[in-house]
Structures are given as C-alpha cells and as structure tokens.
Amino acid sequence: MDVEKKTMEYDIIIGLEIHVQLQTESKMFSGCGTEFGLPPNTQTDPVSLGLPGTLPVMNGKAFNLALKTALAFGAEIARFTKWDRKNYYYPDLPKNYQISQYDLPFSTGGSLPIPERKDGGGGGSIRLTRIHLEEDTGKMIHAAGGMSEVDLNRAGVPLLEVVTEPDLRDPADARGCLEELRLTLRYLGVSDCEMQEGSLRCDANVNLHIRTDDGTTIATPIVEIKNMNSFSAVEKALHYEVERQFEKWKDDGLTIKDAHKETRGWSDPEGITKPQRQKETAADYRYFPEPDLVPVEVDDAWIARLRDEIGELPMARRARFESEYGLSAYDANVLVEQGQDVADYFDAVARETGEAKLASNWIQQDILRSIKEKKIGLGDLHVDPAALSDLIKRVKRKELNTNQGREVLARMIDTGQAAESIIAEGGYGLIGDRDALAAVVAETIDANPKALEDLAGGKKKPDAVKGWLRGQVMKKTQGKADPELVVELLEARLSELGH
Amino acid sequence: MNLSPEDVAKVALLARLRLEPNELATYTGQINEIVHYVEQLQQVDVSGVEPLAHGVEVRNVFREDRRTDSLPREEALGNAPKRNHEAFLVPAVLQ
Amino acid sequence: MDPLGATLSGLLDGYHSGTFSSEEAVGAFVRRIEAHNGRLNALIDFDPAPALEQARSIDDRRRRGEPLGPLAGVPIAIKDNICRRGELTTCCSRMLASYRPPFDATVIRRLRAADAILLGRLNMDEFAMGSSNETSVYGPARNPWDPDRSPGGSSGGAASAVAASFAPTALGSDTGGSIRQPASLCGVVGLKPTYGRVSRYGLVAFASSLDQIGPFGHEVADVARVLSVIAGSDPMDATSVEMPVPDYLAAIDAKTDRPLRIGIAREFFAEGLDPEVEAVVREAARVFEAEGATVSEISLPNTGQAIPAYYIVAPAEASSNLARYDGTIFGHRAEDFEPRTDAERDDLPGLVRMMMASRAEGFGPEVTRRIMLGTFVLSAGYADKYYVQALKVRRLIRDDFDRAFKDVDVILGPTSPVPAFRVGEKVSDPLAMYLLDVYTGSANLAGIPGISLPGGLSKSGLPIGIQLQAPAFAEETLLRAARTFERATDWHTKRPQLA
Ligand SMILES: [Mg+2]
Ligand SMILES: [Zn+2]
Numbered sequence: 005m006d007v008e009k010k011t012m013e014y015d016i017i018i019g020l021e022i023h024v025q026l027q028t029e030s031k032m033f034s035g036c037g038t039e040f041g042l043p044p045n046t047q048t049d050p051v052s053l054g055l056p057g058t059l060p061v062m063n064g065k066a067f068n069l070a071l072k073t074a075l076a077f078g079a080e081i082a083r084f085t086k087w088d089r090k091n092y093y094y095p096d097l098p099k100n101y102q103i104s105q106y107d108l109p110f111s112t113g114g115s116l117p118i119p120e121r122k123d124g125g126g127g128g129s130i131r132l133t134r135i136h137l138e139e140d141t142g143k144m145i146h147a148a149g150g151m152s153e154v155d156l157n158r159a160g161v162p163l164l165e166v167v168t169e170p171d172l173r174d175p176a177d178a179r180g181c182l183e184e185l186r187l188t189l190r191y192l193g194v195s196d197c198e199m200q201e202g203s204l205r206c207d208a209n210v211n212l213h214i215r216t217d218d219g220t221t222i223a224t225p226i227v228e229i230k231n232m233n234s235f236s237a238v239e240k241a242l243h244y245e246v247e248r249q250f251e252k253w254k255d256d257g258l259t260i261k262d263a264h265k266e267t268r269g270w271s272d273p274e275g276i277t278k279p280q281r282q283k284e285t286a287a288d289y290r291y292f293p294e295p296d297l298v299p300v301e302v303d304d305a306w307i308a309r310l311r312d313e314i315g316e317l318p319m320a321r322r323a324r325f326e327s328e329y330g331l332s333a334y335d336a337n338v339l340v341e342q343g344q345d346v347a348d349y350f351d352a353v354a355r356e357t358g359e360a361k362l363a364s365n366w367i368q369q370d371i372l373r374s375i376k377e378k379k380i381g382l383g384d385l386h387v388d389p390a391a392l393s394d395l396i397k398r399v400k401r402k403e404l405n406t407n408q409g410r411e412v413l414a415r416m417i418d419t420g421q422a423a424e425s426i427i428a429e430g431g432y433g434l435i436g437d438r439d440a441l442a443a444v445v446a447e448t449i450d451a452n453p454k455a456l457e458d459l460a461g462g463k464k465k466p467d468a469v470k471g472w473l474r475g476q477v478m479k480k481t482q483g484k485a486d487p488e489l490v491v492e493l494l495e496a497r498l499s500e501l502g503h
Numbered sequence: 002m003n004l005s006p007e008d009v010a011k012v013a014l015l016a017r018l019r020l021e022p023n024e025l026a027t028y029t030g031q032i033n034e035i036v037h038y039v040e041q042l043q044q045v046d047v048s049g050v051e052p053l054a055h056g057v058e059v060r061n062v063f064r065e066d067r068r069t070d071s072l073p074r075e076e077a078l079g080n081a082p083k084r085n086h087e088a089f090l091v092p093a094v095l096q
Numbered sequence: 050m051d052p053l054g055a056t057l058s059g060l061l062d063g064y065h066s067g068t069f070s071s072e073e074a075v076g077a078f079v080r081r082i083e084a085h086n087g088r089l090n091a092l093i094d095f096d097p098a099p100a101l102e103q104a105r106s107i108d109d110r111r112r113r114g115e116p117l118g119p120l121a122g123v124p125i126a127i128k129d130n131i132c133r134r135g136e137l138t139t140c141c142s143r144m145l146a147s148y149r150p151p152f153d154a155t156v157i158r159r160l161r162a163a164d165a166i167l168l169g170r171l172n173m174d175e176f177a178m179g180s181s182n183e184t185s186v187y188g189p190a191r192n193p194w195d196p197d198r199s200p201g202g203s204s205g206g207a208a209s210a211v212a213a214s215f216a217p218t219a220l221g222s223d224t225g226g227s228i229r230q231p232a233s234l235c236g237v238v239g240l241k242p243t244y245g246r247v248s249r250y251g252l253v254a255f256a257s258s259l260d261q262i263g264p265f266g267h268e269v270a271d272v273a274r275v276l277s278v279i280a281g282s283d284p285m286d287a288t289s290v291e292m293p294v295p296d297y298l299a300a301i302d303a304k305t306d307r308p309l310r311i312g313i314a315r316e317f318f319a320e321g322l323d324p325e326v327e328a329v330v331r332e333a334a335r336v337f338e339a340e341g342a343t344v345s346e347i348s349l350p351n352t353g354q355a356i357p358a359y360y361i362v363a364p365a366e367a368s369s370n371l372a373r374y375d376g377t378i379f380g381h382r383a384e385d386f387e388p389r390t391d392a393e394r395d396d397l398p399g400l401v402r403m404m405m406a407s408r409a410e411g412f413g414p415e416v417t418r419r420i421m422l423g424t425f426v427l428s429a430g431y432a433d434k435y436y437v438q439a440l441k442v443r444r445l446i447r448d449d450f451d452r453a454f455k456d457v458d459v460i461l462g463p464t465s466p467v468p469a470f471r472v473g474e475k476v477s478d479p480l481a482m483y484l485l486d487v488y489t490g491s492a493n494l495a496g497i498p499g500i501s502l503p504g505g506l507s508k509s510g511l512p513i514g515i516q517l518q519a520p521a522f523a524e525e526t527l528l529r530a531a532r533t534f535e536r537a538t539d540w541h542t543k544r545p546q547l548a
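Protein chains in written order, with our numbering: chain R, 5 to 503; chain C, 2 to 96; chain H, 50 to 548.
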C-alpha cells in the first residue's frame, strides 16, 4: 500500500459526533445514581422509567459541567437556551422522546485542538459546530426466544453531544483529537471518558474528495460509522472506510450526489465496517419545546464564575512545562497526559527542588511505574510531593547515589515512611571519603589483573572494561560509593598504571 | 390542506397506531374536518409575535445533584407487560 | 345535621362540634355511594374498608386530642389520572387497566399529610380527552340532575360525585375546561388554579403546558380549603412556581378597600351560546353590581381563536406525552401482533407491530384521533404552519388577558355554552364536542386561574354555571369575587334529587 500516492489522490474528510456522559451523582432529571455496570434495572426511579405522571427536573451540576466544557473549548455560550423533545419510538427510550436541545443549544462554535503527531503531522484545531445537553438512553441486550431485554440503568444519565465540523483530514488526527478531548474533560472533571464503558462514544462521518486528472474534485457519498468502542477502533475504522470508499468509487463511480448518507457499523474482530439496517420509516423527530422544563438564561457573572473554576488546560500546561521548566516536548506531554494529578505533582516537586529535569525523571521512571504496577491512583501513594522533593534533594547533595535513592523511594512507597528514617535504618549513605575509596579502587584493580590485560591487549573495548571495574568497586562498597568519584579515581589509577 | 388516506396512514405509522381499513376512512374524514377548522388560525396576523410554548414563563429551575434511592428492581419491573427476572422484554430488535 | 348535606366546611364543623364522627360521616357517604353510584357511574372503583378504617383512626386521634391536619376526616374522591402508590391509576383507559404507580402524586402526599380520606377513583374521559365523560373505558358517568345527561368532562366523575354528595370534595384536572365545564353542568364549584400553582407531579400528563389539578366542592370555601392544602411549589415539578401559599379561606371573606372591578368580554356573546346561559351570565353581572362591584364591557379579541389554538397545542403535546404507552415498560401489550398484510410483514419489524397493535388496542377513538392530530401538526413540513402558528396565537390570547386585567380584577362569563346535554348526543361529532371548550380553553392557554360556580337553573331544572377568571396567581381575588356572588345567591345550596 502506497500511502504517499493515495494522499496525493484524495483528501479525507472527517467530522465527529461525540457523546460524553457527565460525571454527576444523579441522573439528568431525577435522583437515582449513574453508576456503570450494575445489574440490569437496579438503577432506576419513576422518572427514569418514564412512568406516567413523572416530570423531569434539571440537574444543576450537569448544566454547569456542560457550560464549563463549552468555555474550555472557546465556544459561544447562548444567553438563552431551552429543552426540546425529540420524538421517536424505541424500547431503550422509555418516554419515546428524548429530552434534548434542538434549535437553541446552550453552546455553538469553539474548537478542539489537534495534537501534534510523532510523524510530524497533526497540529492546529478543528471547529465545533455545537455542543448540546441531552439524556442518555437505556440499553438493549439480546435475549433468548426472539426477545430483547431492556435495561434502563443508563436511561437519563446526562449526556453532552459534541458535533464537529468536517475539518479532520487524517484518521490519526481523529484519534488524537478524541484523546485530547478525553484529557481535557478529565482535567475539567466533566467526564471520565471511558470508551469501553461507553462514557465516551464517538460516531464519525467520513468521505473522500478525490482529485481527478482534469483537476476537478469528486466527493464520495458520506458514511456514518458507528460502534467504535476504543480510540484505536476509531483510527482503524476510519482507515478501513477510507480504503473501502476509494475502492468502491473506482468500482462504481458513485458520488455524494448519487447516494444517501449510509450508516455502517465497525466490527472490531473482523476489522471491517458493515452496513447497518436503516430505520423502517424516515426519521421525523417532531421536535418541540419541552413544556415540563423551563428555559435557562445565562448571565456574565455565571460565565465568569465558571471560567474562574477552569484551571490550566492540557495544551497550555504542556507549553508551560516546556517554557518554564525547559522540559522536552516529549517529557512535557508524558507528564500532562497522565492527568491533572500527575501534572500537579510534577509542578510541586519541580518547584520545591528547583530541579525540573530530575523531578521529571523521578516521576516518570519511579512514581508512574509504581502506581501502574500497584494499579493505584497517585492519591493513594504514600509519597507526597514534599517527600519526593526531600529525597531528590538528598541525592543532589550526594547523601545518596541515584540507585540508592531508587531503593529508598521504593521503600518510601511501600512503607509510607520519610526518606530520612529509611536512610538511617537501612544504613544508606555515600562513601565520599576520597582516600578510602582510592584504596578500594586500587584493591580492585590489583585483584583483577585480567582486566588490565584486556585493556592492554585491546581485545575488549576500554569503556566496557572500565565499566566492569566500576561495577566491582560498587559491589565492594555495597553500592555506597559516589559513582562520579569512583569514575574519577578509577581513571586516575589506570593512567598511573599506564592505561 | 386536505389529508388523503395515505397521508393519514403515514401519520398513524409515525404515531405507532395500527388502523383497520374502515378506521382509516373514518379518521381521515374527522381529521380533515378538524384540520380545516383549526386552519382559521392562518388568518391571524402574528407578525412579530413570539411563540408561547410554556404554561408559565419562569427561568433557571434546577435541582441539586444529590443521589436518591433507586426503586427496588421488582418495583421497577412491577408494571412490565412482559419481563424476566431482571429486565423488560420486547420482540427482538433484529440487526 | 346530616353529613351528606354538608359542605366540606360543614363537615369539619360537625367533627369539631361532635355532631357526628368521621366514621359516621364516611359511613353515610359510603351508603350513599352504594345506593346511587350504580346509576351515576361517577366512581369506577371504591373500597369502603380502608376509608372507614382511616376515619376511625382520625376519630381516635381527635378523641386523644392529637394534632390533626386541616382536612382531617374529610373524604375526597380522586380523578383516575392522579397517581396513588400501589393503587390502580388507569386514566379510564384500557391502556392502563392494570397500572399501579410505585409513587404518590405530590397532591396526594399533601392530602395524606392533611389527614384527608382518599375515597375511590373517579370516572373521567380517557386520558382526560373529552368533554362528556363518554370516552371512558368504564362507560359514561352520568349527571345527578338528570342521569340521561352527561356530567360534562373530562372530570365528569368528579363533578357528578360531588353533586350527588358521594363526597364533599374531589380532585380533578383541567387542560381545556375539564374541571370548570363539568362543575357548571353539575351545579358545583370547580376551580382551575393558575398554571404552576399546584404541582403536576403524579398527574398523568395530557398536555403538559396546560394541565392543572384543582378541587371541586359545593361552595367557594370548600375549594379554598383544598387549594390551601395542595398549592405550593414542588421540587419534583420544575413548572411549579416558588411563591408563598396564602390562606385562601381567610381571603374569601376579607374586606377590601375598593370595589371589585368585573369585566365581561363582548366576544363571549357569540353564536352557539344558549340564551338561558346568556341570561344567567347577565343576571350574575347585575348581582355583582348590586353587591357594589363595577361591571364593564371589555374585549378579548382573540376569544374565537382559543379553540383552534387549543386543538393544536393540546394534541401536539398529547401525541408526545402518550408516546410512552407502547407495551414496553408499562401498560397494555397486544397478544397478537402478527402481520396482517404482506406490506406489514415486509416493512414492519415485530417490535414495531407490537407497539402499533398495543396502542391500537389500548387507546379508544378520541385518544387515537388526538394523537394523530397532534402527530400531524408537529410533523415535518407542517409544524410551522400549525403548531408554531398556534403558539403565536396563544401569546396573543395571553396578551388579550394581560391588557384586560389592567382595567378589571376579574372577568365574568359563561363556563359552558350549554347546560348538560344528553349522553350520546355529541359523541359522534368530535368538532361539536371540542366547541364546548370555547369559554374555558383560553385560561389554560394563558395559564390563568378560572372558577365555575353555580349561577342558576335552566327552565328544565339543569344547573348553569358562571365562570370567573383572574390574573395569574390572583386566586385570592378570584375566590373573593366568587364568594361575593355566592353570598348574594343560593344556587350553591341546590342539590339534585336522586331517585
Ligand atoms: Mg420506548
Ligand atoms: Zn445525541
């Protein structure tokens, strides 16, 4: 497959429609919970069952989270917004209308950043068409005997719908954009965005603009892809669909003018998209204003208050980590994309120690690895930024070498004790005495004449031999030697011996 | 506006109402009569008038995000016309 | 003193003075119901045991001097569209023939807290759609003044029950006149409060922006007492308005410093108004003047548009509110939904056929008609012409009232254009039935309160009601005006002779 050639033949046009469950305690219009994964129909109340006589009352937190999201993406907040009913019959929608927003969504415009890719692509941003609030539906589960089960646990969970303009030109950017959206929403505390659990769902509209030899451009029919249940599925499905559309166009020559938009479902195990059954009647949602909910007017003070609550967003933080601390783009990204708690942790350690690069290394290599291994959150770790800073400063002061420091940190993590007591108990400490260490170095060289032969004979690389000798010295000192000093003394002794 | 029986059949499908052939004829006649009657509204000059959709013009009514008890499952399923031990049952949605 | 002849206030007096106990009173009502309900069909379901038991418990508490609620021991019959936990609530529809809500309506909670005795379920037009109580799946309720005649509708059972002294008071609901029109036809007082005054939570919705729950009684004080109990904002109803609830009973006889200003709209005296009804309204105006009120002619120019606007807005909302009855989560499900034609077999999945058959079997013709009408006026291509136009006219109707209420405190007019008509007389002509709402629908569209009270008897001995309307949340003024008329007349003391 010649990617270079293909990208010269056509542009890929991608737009996304993203649904995000908001992180609230209770549902959008009633009090029952919003947990994922509970046994079917154990998380309902009369309102979310759509029972006759029930009425919706808007969850204030859901609305505020929605506003925050819009502000974070630079969207325009409508000063007047209202709710509408979208009418359609489906068993997972108990009222057979979804409370949504039609002509006056709370937010229009704004943009999502496209992260830069490792291959140098990406960057820039895509425009948002609108963001609106609506309620989630329940779930249908296939059951025996030609029946389907209806589970309404999810019915009524607050849902944010984000619709983008068709501004994406690469499946990798679609994925990157979604990952950045997830990161931002997690920073904002808006959603946990777990695609596997469905708290982030994404459909994509894709078609191709094919450049023909006579210089005109032909658009292929738009396909909406559904059922993409992971970030990689989004990228894979789009790649597949691009390929499929191009082949299909070469085959039948159908353009956007010849065919209606088609809906296809992504099958992850098969790695293909398949046509989805169309609804039996043309959609006519008969939107009208929801009479049970009153409109909302948003004023400047409200917006200002929420703006104040929005902290530094991931993009800005990456930039600051590079400019303020001199981190590489790579390191800045690793620290930021772990989430707000990690980036905050780094900020604290970097400020406390004045050693941003060391802080970055220790956090990436030791802290992140151990929370990953232990499958815990940073908040569950016994080592707070002050404790890690203390340790880093001790290493910097050569009270410990780096390897010792790592051992001490491992114990701090296990026990929750401070570095000081672990160092005292464990007998850690550096042999910084020049003469004592020089003696050990001399002893080591004397005890290993073979090493000197190797050096003299040129059979082995000098660095390898010296490294081995250094290791022997460290061994003899139980790792307590100052490694820099060992190198210096070793070089000195070897040159005395004529090497 | 005069609705044909086909128009009314379309509306009935949209509204998920199965009509017998004789009912379709009756409803077509009655609905046309009512539609003709309400069409007198077209004569009213409404230029510059905002639609009034709500019974009361209040704004910004919210509830606190506080979790309350769920219904016990047996109560949630208590009115189900068809169910098993854990869910409502409907004819399968074919893929 | 006979509890049966007593008003609600009279009943409470009897309890306080020890003339009769709650048990004796309830027993008298029970015997009355058992003797006459078979003919009137006002109550569709009635179990005396719990009512008598509750009466005994209230008597005990009264004897022990325990604090009692404001309606302690007062039997109140409830329209069958107001939810009571664990009890049948059917809206007189086959659709909900076995439906038992797992919660109480807010008004029911408030009545229970007031120690009222809930007495039976009242007949009504199916889902409150009708003006004659003939669309009920339980058969028509009948007018105690002449059982060959309709009690009106949709709260026909409520008006019939109070007129027949089955209970001193009842709760109904009013979407386009469904409390006031039957009150007028049965010679009782019926109050439709301001939209937002009484919580709709637990009232099975017909048209959400128009529905209000309200009380029936023999006299103004009765409805004032019940309103004081059921009114007030409710966190479960976003359209219930946060506003203090005054003591309506105290308000009705309160002295005011300036005379009441009554307006009569010239548009009321139009084609279709029975001359006997017109005479009663004109006489009422003279009564008010004699009582020191000023009476002036006003104009409500869009009066004639109320019915067309109403019969777009109400069915539109109903088509959506009643969509939930599809045989999935609750309500009737058809046993047989096999395809009847090849087209059905090819085009309609079993799920869709199940829903269509269930709804066809569950709903009667009037409900079916309104759902189709409402679906049509909201459908693509027609919504602007019908639905949106109706909403604009709705605002004009409200503007008419706003303008009128600058000059007058209350508007006097007919409630129903005709006295009680014969059962079967209008049921085959939907449009003729709709025209019965001509004087009542505009208050629902405008959200203002209205009351019907006995204003006279026709030559053939049928009750004729007069209607008073007041600005939104001016129930005190409205009740005071009604009481002014009541003090000067004795129509409210007339009772039908039951065979
Ligand atoms: Mg449904
Ligand atoms: Zn959506």
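We put the CB at the ideal spot given by N, CA and C, even for glycine. Treat the numbers as computed from the prediction; the structure is a model and nothing was measured.
- In the DSSP annotation of this structure, the continuous segment of the alpha helix (DSSP H) that includes Y329 of chain R starts and ends at P318 to Y329.
- The closest CA to that of L59 of chain R, considering only H:D448, H:A383, H:E410 and H:A254, is found on H:A254.
- Contact between the region 116–136 of chain R and the region 169–184 of chain R is present, with at least three C-beta pairs closer than 8 Å.
- In this structure, T424 of chain H places its C-beta atom within 8 Å of the C-beta atom of A16 of chain C.
- Of all residues in the region 290–313 of chain R, the ones placed with a Cβ closer than 7 Å to any Cβ belonging to chain H are R290, F292, P295, D296, L297 and V298, in chain order.
- Counting every other CB atom within 10 Å of its CB across the protein chains shown gives F215 of chain H a total of 16 or more, marking it as buried.
- Relative to the Cα of G57 of chain R, the nearest Cα in the group H:D458, H:V416, H:S66 and H:N370 belongs to H:N370.
- Taking 7 Å as the cut-off between beta carbons, the residues of the region 82–94 of chain R near chain H are R89, N91 and Y93, in sequence order.
- If you keep only unbroken alpha helix (DSSP H) runs of at least 4 residues inside the region 431–495 of chain R, you get 438–451, 453–461 and 466–480.
- Residues of the region 520–531 of chain H with a C-beta atom less than 9 Å from some C-beta of chain C are A521, listed in chain order.
- Taken in chain order, the complete alpha helix (DSSP H) segments of 4 residues or longer contained in the region 43–123 of chain R are 64–76.
- For T141 of chain R, the secondary structure class from DSSP, reduced to helix, strand or coil, is coil.
- Residue side-chain check: E138 of chain R places its Cβ nearer than 7 Å to a non-hydrogen atom of ligand 2.
- DSSP places H213 of chain R outside any alpha helix (DSSP H); the residue lies instead in the beta strand (DSSP E), whose first and last residues are L204 to R215.
- It is roughly 53 Å from the alpha-carbon of E115 of chain H to the alpha-carbon of P324 of chain H.
- Counting along the chain, S58 of chain H sits inside the alpha helix (DSSP H) bounded by residues L57 to S66.
- In this structure, the CA atom of A91 of chain H is about 21 Å from the CA atom of L60 of chain H.
- Judged by DSSP in its simplified three-state form, P545 of chain H adopts coil rather than helix or strand.
- Nearest CB-CB separation between T489 of chain H and chain C: not below the 8 Å threshold.
- Within chain H, no residue has its CB atom less than 9 Å from the CB of N85 of chain C, the nearest being about 14 Å off.
- Collapsing the DSSP output to three states places K402 of chain R in coil.
- Within chain H, the residues placing a beta-carbon under 8 Å from that of G79 of chain C are R149 and P151, ordered along the chain.
- Where K378 of chain R is concerned, the enclosing alpha helix (DSSP H) starts and stops at L372 to K378.
- In the displayed model, P512 of chain H falls within a strand according to three-state DSSP.
- Checking the 7 Å criterion, the Cβ of H23 of chain R is within range of a heavy atom belonging to ligand 2.
- Pairing I446 of chain H with A70 of chain R, the inter-Cα distance amounts to about 36 Å.
- For E228 of chain R, the distance from the CB to the nearest heavy atom of ligand 2 is not below 7 Å.
- E165 of chain R has its Cβ nearer than 7 Å to a heavy atom of ligand 2.
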